[in-house]
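Q: Quick one: structure below, then a few questions.
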Amino acid sequence: MVHNVSIADCIAQNLQQYFADLEGEMPCGVYDMVLAQVELPLLQCVMDVCDNNQTRAAQMLGLNRNTLRKKLAQHHLLD
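Residue numbers for the sequence shown follow my numbering, beginning at -17 and rising by one.
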């Protein structure tokens, strides 16, 4: 049986576990951490679906191609 779990639900569950694991310690930079964790697999998947065609991937993501290249470079995904 396939369970339809949304990406938002997965993120919420993981964040709850992250905060529980901190055992009361105050985290910092959570926003940037979460965005980086989501952005990498998103870029990898879209690039795979688009056969590494950056123009198509940028269109699919709704990004400017130069912005996509910058993000790919940040995540060391450029050849």
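For glycine and all other residues, C-beta sits at the position ideal for the given N, C-alpha and C. Being a predicted model, the structure only gives us computed values, none of them experimental.
Does the beta-carbon of residue -10 have 16 or more other beta-carbons within 10 angstroms, so that it is buried, or is it exposed?
A: exposed
Q: Around the C-beta of residue 15, are 16 or more other C-beta atoms found within 10 angstroms, so that it is buried, or is it exposed?
A: exposed
Q: Taking one C-beta from the stretch 23 to 43 and one from the stretch 6 to 14 each time, how about it: are there three or more such pairs within less than 8 Å?
A: Cβ pair count under 8 Å is below three, so no.
Q: For the alpha helix (DSSP H) that residue 35 lies in, which residues bound it at each end?
A: Looking at the DSSP string, residue 35 is not in any alpha helix (DSSP H), and its letter there is neither H nor E.
Q: Any Cβ of chain D within less than 8 Å of the Cβ of residue 50?
A: Among the protein chains of the structure shown there is no chain D, as only one such chain exists.
Q: Counting only the same chain and skipping the five closest in sequence on each side, list residues whose C-beta sits under 6 Å from that of residue 60.
A: 54
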